[in-house]
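Numbered per this note's numbering, the sequence shown finishes at 493, counting up by one with no gaps.
Positions of the beta carbon are idealized from the N, C-alpha and C atoms, including for glycine.
Okay, so here's the structure we're looking at.
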Amino acid sequence: MYLEKLNYEQRRIFLSLSKEILVVDDSKIDYLEESYLRNLCKEMSLSFNDEMLIDKRNIGDYFSRDTDKRIVIMELVALAYSNNEYQIQKKNYIEQISNYLEFDNKILLEIEFLIEEFFKFQLKLNNFIGA
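This is the structure:
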């Protein structure tokens, strides 16, 4: 949704984080997750293998603006919901990244709520049109 607002380096780091979060629960990326991630790659104008690995403890060096932090956290939460499940391992991973970014926990909770509501609304629209 907002990944195009990140710079090239940030998008590559986000791709790396995305691949990590998708395997924390079951060590594999399922079909729905991969499909969602490939669409994100298109949005970011990246290939599936353009990730940039960093020490996550230093992520704040790459995402210093509040807007960029909100984008990366929101997009990670949305990615975690991509197979209609928000497992505790994914939630913990996002909380870890959030802590490294020194991100406000109240905003994280609000993002989680908004993304959950967004996916519920999207499901209602899909059911309405028969998709």
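**OP:** Excluding the 5 residues preceding and the 5 following residue 371 in the sequence, name in chain order all residues of the same chain whose CB lies nearer than 8 Å to its CB.
**Re:** Correct list, in chain order: 414 and 424.
Subject >> Endpoints, the alpha helix (DSSP H) within which residue 490 is located >> reply: Where residue 490 is concerned, the enclosing alpha helix (DSSP H) stretches over 467–491.
Original post:
For the alpha helix (DSSP H) that residue 385 lies in, which residues bound it at each end?
Top reply: That run of the alpha helix (DSSP H) goes 370–385.
Subject >> Candidates 431, 480, 453 and 398: closest to residue 367 by CA position >> reply: With respect to the C-alpha of residue 367, the residue from 431, 480, 453 and 398 having the closest C-alpha is 431.
Subject >> Where residue 397 sits in the DSSP three-state scheme >> reply: Residue 397 falls in the helix class under three-state DSSP.
**OP:** Let me know if residue 393 comes out buried or exposed under the rule of 16 or more other beta-carbons within 10 Å of its beta-carbon.
**Re:** So residue 393 ends up on the exposed side.
**OP:** Decide if the region 443–459 is in contact with the region 389–405; the criterion is three or more beta carbon pairs, one per stretch, under 8 Å apart.
**Re:** Short answer: they touch.
Original post:
Helix, strand or coil for residue 416 per DSSP?
Top reply: It is coil, neither helix nor strand.
Original post:
So is residue 379 buried or exposed if we call it buried at 16+ other beta carbons inside 10 Å?
Top reply: When all chains shown are included, residue 379 counts as buried.
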